[in-house]
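These protein sequence lines are chains A and B, in that order. Each residue of the first sequence is one higher than the last, beginning at 1 in the numbering used here. Each residue of the second sequence is one higher than the last, beginning at 1 in the numbering used here. We put the CB at the ideal spot given by N, CA and C, even for glycine. Here the structure is laid out as structure tokens; the discussion comes afterwards.
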Amino acid sequence: MSYPWANEYKPSHPAMVWLDERLPLPRLIYGAVGGGYEVPRNLNYFWNFGFLAGLCLMIQIVTGVVLAMHYAPNTLVAFDSTEHIMRDVNWGWLMRYAHANGASAFFVVVYIHIFRGFYFGSYKAPREMIWLLGVVIFLLMMATAFMGYVLPWGQMSFWGAQVITGLFGAIPLVGEPIQHWLLGGFAPDNAALNRFFSLHFLLPFVILGVVILHIWALHIPGSSNPTGVEVKSESDTVPFHPYYTAKDGWTVGLFMVIYSTVVFFAPNMLGHPDNYIPANPMSTPALIVPEWYFWPFYAILRAFTFDFFFIPAKLMGVLAMFAAILIWFLLPWLDRSPVRSANYRPLYRKFFYALVVAMVVLFWCGGAHAEEPYIMLSQLATLYYFAHFLIIVPIVSSIERPDPLPYSITESVLGPPTALESAAKA
Amino acid sequence: MAENADTATLEGTPVEGVRRRDFINIAAVSAAGVGGLAVVYPLISQMSASADVLAQSSTEVDISAIAPGQAIKAVFRKQPVFIRNLTPAEIEEANKVDVGSLRDPQTLAERTKEGHENWLITMGVCTHLGCVPQGAAEGEVKGEYGGYFCPCHGSHYDTAARIRKGPAPTNLVVPDYAFTSDTVVKIG
Numbered sequence: 001m002s003y004p005w006a007n008e009y010k011p012s013h014p015a016m017v018w019l020d021e022r023l024p025l026p027r028l029i030y031g032a033v034g035g036g037y038e039v040p041r042n043l044n045y046f047w048n049f050g051f052l053a054g055l056c057l058m059i060q061i062v063t064g065v066v067l068a069m070h071y072a073p074n075t076l077v078a079f080d081s082t083e084h085i086m087r088d089v090n091w092g093w094l095m096r097y098a099h100a101n102g103a104s105a106f107f108v109v110v111y112i113h114i115f116r117g118f119y120f121g122s123y124k125a126p127r128e129m130i131w132l133l134g135v136v137i138f139l140l141m142m143a144t145a146f147m148g149y150v151l152p153w154g155q156m157s158f159w160g161a162q163v164i165t166g167l168f169g170a171i172p173l174v175g176e177p178i179q180h181w182l183l184g185g186f187a188p189d190n191a192a193l194n195r196f197f198s199l200h201f202l203l204p205f206v207i208l209g210v211v212i213l214h215i216w217a218l219h220i221p222g223s224s225n226p227t228g229v230e231v232k233s234e235s236d237t238v239p240f241h242p243y244y245t246a247k248d249g250w251t252v253g254l255f256m257v258i259y260s261t262v263v264f265f266a267p268n269m270l271g272h273p274d275n276y277i278p279a280n281p282m283s284t285p286a287l288i289v290p291e292w293y294f295w296p297f298y299a300i301l302r303a304f305t306f307d308f309f310f311i312p313a314k315l316m317g318v319l320a321m322f323a324a325i326l327i328w329f330l331l332p333w334l335d336r337s338p339v340r341s342a343n344y345r346p347l348y349r350k351f352f353y354a355l356v357v358a359m360v361v362l363f364w365c366g367g368a369h370a371e372e373p374y375i376m377l378s379q380l381a382t383l384y385y386f387a388h389f390l391i392i393v394p395i396v397s398s399i400e401r402p403d404p405l406p407y408s409i410t411e412s413v414l415g416p417p418t419a420l421e422s423a424a425k426a
Numbered sequence: 001m002a003e004n005a006d007t008a009t010l011e012g013t014p015v016e017g018v019r020r021r022d023f024i025n026i027a028a029v030s031a032a033g034v035g036g037l038a039v040v041y042p043l044i045s046q047m048s049a050s051a052d053v054l055a056q057s058s059t060e061v062d063i064s065a066i067a068p069g070q071a072i073k074a075v076f077r078k079q080p081v082f083i084r085n086l087t088p089a090e091i092e093e094a095n096k097v098d099v100g101s102l103r104d105p106q107t108l109a110e111r112t113k114e115g116h117e118n119w120l121i122t123m124g125v126c127t128h129l130g131c132v133p134q135g136a137a138e139g140e141v142k143g144e145y146g147g148y149f150c151p152c153h154g155s156h157y158d159t160a161a162r163i164r165k166g167p168a169p170t171n172l173v174v175p176d177y178a179f180t181s182d183t184v185v186k187i188g
């Protein structure tokens with residue numbers, strides 16, 4: 001959105017004037033992430049994670065294109081070509097560790113970005129489309145990450161592919177044919193590896209496309225802010241550049257310090273040692289768990305250990321796992337409170353933190369062995385997870401009495417107008 | 001407040017000279033620039049020959065079975081090498097040529113190792129655009145000068161693999177090699 005007071009792009013160099021009249025790309029960038037995009041002045045650090053997510057996507061695309069130059073998607077050589085990257089290719093170890101840990105960094109950033117949305121009500125009108133596109137990006141990320149993890153063709157790669165495609169086998173009647181269609185065979189083999197590589201290369205560019213739509217949709221109403229009060233006047237905003245480019249630059253630096261520390265000093269911290277064993281279709285590792293970023297949903301999958309009315313436990317787990325994410329699509333209509341920010345919603349705020357706790361429990365249980373007490377804990381957390389979205393949020397949004405909102409963003413920053421006036425007199 | 005604004009832009013910082021903010025700005029952008037270059041270096045370097053490719057950069061060949069007048073093609077760095085056992089007639093023909101009249105003046109002696117003057121070892125890569133010349137294998141065309149003939153654009157090489165006719169600018173390249181024994185040559 002362009003507020004009336006937003007700076008207009010005025011090229012001074014004749015070459016830029018010439019370009020602007022023919023292809024106003026610099027104008028587009030200026031209005032999107034430059035001095036022409038007016039942003040609320042009161043954004044806190046949680047608003048930096050969108051920019052960081054974009055950085056992560058760029059890191060993944062650049063390192064991924066490099067890895068694809070040296071990797072061979074064939075079951076005979078996939079594992080060896082991965083080791084070739086690690087041992088022979090110049091800086092190949094750096095590219096692979098940056099890529100593998102880049103995926104983890106991407107999910108850390110995106111989980112914080114999503115929970116920022118839960119807390120500050122970023123999904124509410126008129127920003128529903130931003131939210132819906134964001135959920136699409138998250139789903140694409142999960143698919144991409146899963147297929148990428150299969151490529152090294154180690155033990156966890158193989159059994160991950162077996163288990164995840166096995167989820168589709170739970171669908172009644174057509175499940176098994178779908179699973180065989182996805183794999184191009186009866187078990188993960190060359191056909192599956194080849195298509196996973198193809199799609200793993202393609203999907204990040206699809207994600208990039210949806211990210212552009214995500215940002216486009218964001219620029220229609222403009223960025224939200226911690227008060228949830230819409231921009232009213234010029235004093236509520238500052239230009240994206242230099243104010244937020246500088247602030248994002250600062251957190252990019254912090255992010256790079258943490259990310260580099262992991263890449264250089266603990267690159268296998270988040271991986272599984274079993275994936276350094278070549279894929280063996282005859283032997284499953286003792287603890288087969290997905291990468292950490294799938295754990296909450298894996299815990300929900302495993303929470304269903306009993307048949308649910310007429311639905312078998314296996315199908316119920318699969319449905320619940322997919323529903324756990326698809327439910328986010330409904331959130332803008334489940335939460336009917338007109339107040340966006342949880343800062344002014346005392347009751348919702350308590351349940352938000354309960355959701356965070358449930359999510360942490362699910363993370364914990366998803367990475368653990370499928371045994372007590374983890375099964376019971378994940379069942380309780382799953383119960384809360386669905387109750388939160390389907391029951392608690394709708395009820396809270398209709399019975400809650402929110403705290404008084406500030407009149408404007410400026411007022412929330414500088415205090416009520418009386419203080420302002422007295423300051424002006426002095 | 002109003003009079004302060006005339007004399008200072010930030011608290012405690014003069015209008016004249018270097019401001020703290022300028023210093024931080026330049027330092028931060030410089031650090032980011034150096035960091036960016038540090039990232040670009042491995043991204044470029046990764047495309048260079050990897051360790052396993054460099055490990056193939058020498059080849060040992062047993063030449064005991066090559067009779068005078070015969071030649072073989074060996075592989076060195078994934079490229080053909082011609083190893084030719086010259087007959088006395090071919091050596092004489094090569095030495096007969098007026099070196100000054102050549103496009104790339106070199107004597108046969110300069111292109112062989114002392115004590116092994118009958119062994120002509122050259123890359124099998126035409127110096128024009130990289131095709132493999134004919135003349136090494138049995139029954140191939142040897143060109144007008146009895147050495148090698150490149151079918152791509154018609155370069156003729158003589159019995160010392162020197163360019164005599166056609167577009168190639170220089171003689172076939174003699175790689176680094178050494179005789180590790182009378183019958184084994186190590187190329188590279």
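query                                                                                                                                       : result
Within-8 angstroms CB hit, B/Ala2 to chain A                                                                                                : Low per-residue confidence applies at B/Ala2: pLDDT is 42, beneath 50, and the placement is therefore not dependable, though the value from the model is reported in the following sentence. Output row for B/Ala2: interface = no.
A/Ile164 - DSSP class collapsed to helix/strand/coil                                                                                        : helix
8 angstroms Cβ cutoff met for A/Ile130 and A/His241                                                                                         : no
Assigned secondary structure, B/Asn4 (DSSP; H/G/I helix, E/B strand, else coil)                                                             : Summary for B/Asn4: the model assigns pLDDT 44, below 50, so the residue's position carries little reliability, and this model does not support an answer.
Separation of B/Ile72 from B/Arg84, as counted between CA atoms                                                                             : 7 angstroms
Identity of the residue in A/Leu287, A/Ala161, A/Gln155 and A/Leu76 nearest A/Ala145 by Cα                                                  : A/Ala161
Beta-carbon spacing of A/Val150, A/Phe196 below 8 angstroms                                                                                 : yes
Nearest-angstrom Cα separation, counted from B/Val29 out to B/Arg19                                                                         : 16 angstroms
Own chain partners of A/Pro406 with C-beta closer than 7 angstroms, once the 5 adjacent residues on each side are dropped                   : Thr227, Val229 and Ser412
Reduced DSSP secondary structure (H/G/I, E/B, other) of B/Met123                                                                            : strand
Distance between beta carbons of A/Ile409 and A/Val481, contact taken as under 8 angstroms                                                  : The shown model of chain A, from 1 to 426, leaves out residue 481 of chain A, and the question about it has no answer.
Reference B/Ser185; option with closest CA among B/Val61, B/Ala32 and B/Thr112                                                              : It should be noted that the sequence gives Val, not Ser, for residue 185 of chain B. Measuring from the Cα of B/Val185, the nearest candidate turns out to be B/Val61.
Given A/Leu377 as reference, the closest of A/Leu334, A/Gly415, A/Met95 and A/Phe304 once Cα atoms are compared                             : A/Phe304
Supposed contact pair A/Gly154 and A/Asn275 - C-beta distance, whole angstroms, cut 8 angstroms                                             : 4 angstroms
Any chain A beta carbon closer than 8 angstroms to B/Leu102                                                                                 : no
C-beta atoms of A/Phe46 and A/Arg116 nearer than 8 angstroms                                                                                : yes
Exposure label - A/Glu404; buried when at least 16 CB within 10 Å                                                                           : The question names Glu, but residue 404 of chain A in the sequence shown is Pro. Per the 10 Å Cβ criterion, exposed.
Beta carbon proximity, A/Met95 to chain B, threshold 8 angstroms                                                                            : yes
Opening and closing residue of the beta strand (DSSP E) in which A/Ser260 lies                                                              : Premise fails: A/Ser260 lies in the alpha helix (DSSP H), Thr245 to Phe265, not in any beta strand (DSSP E).
Pairwise C-alpha distance: A/Asp307 and A/Pro172                                                                                            : 14 angstroms
Below-8 angstroms beta-carbon distance, A/Asp248 vs any chain B residue                                                                     : no
Rounded C-alpha distance that separates A/His243 from A/Asp335                                                                              : Contrary to the premise, residue 243 of chain A reads as Tyr rather than His in this sequence. So the alpha carbons of these two residues sit roughly 32 angstroms apart.
Proximity to A/Pro448 [Cα-Cα], best of A/Asp88, A/Ile207, A/Ser398 and A/Ser122                                                             : Here chain A comprises residues numbered 1 to 426, so residue 448 of chain A is not present and cannot be evaluated.
Contact set for A/Asp189: own chain, Cβ-Cβ below 7 angstroms, skip 5 residues either direction                                              : Thr75
Cβ neighbours of A/Ala143 in the same chain (closer than 8 angstroms, five flanking residues each side left out)                            : Leu199 and Leu203
Nearest residue (CA-CA) to A/Ala279, options A/Leu28, A/Ser157 and A/Ala6                                                                   : A/Ser157
Three-state class that DSSP yields for B/His156 in the structure shown                                                                      : strand
DSSP-derived helix/strand/coil call for B/Lys142                                                                                            : coil
Same chain, Cβ closer than 8 angstroms to B/Ser137, five either side skipped, listed in chain order                                         : According to the sequence shown, residue 137 of chain B is Ala rather than Ser. Excluding residues within five positions, the ones whose Cβ falls inside 8 angstroms are Ala71 and Lys73.
When A/Ala105, A/Glu234, A/Glu372 and A/Cys56 are compared against A/Asn7, the one with the closest alpha-carbon                            : A/Glu234
Spatial neighbours of A/Leu331 in its chain, beta-carbon cut-off 6 angstroms, leaving aside the 5 residues before and after                 : Tyr123
B/Tyr177 - DSSP class collapsed to helix/strand/coil                                                                                        : strand
Contacts around B/Pro167, its chain only, beta-carbon distance under 8 angstroms, and the 5 residues preceding and following it disregarded : His128, His153, Gly154 and Ser155
Backbone secondary structure at B/Gln79 - three-state DSSP                                                                                  : strand
Beta carbon proximity, A/Asn90 to chain B, threshold 8 angstroms                                                                            : yes
The stretch 77-90 of chain A contacting the stretch 247-266 of chain A, beta-carbon criterion three pairs below 8 angstroms                 : no
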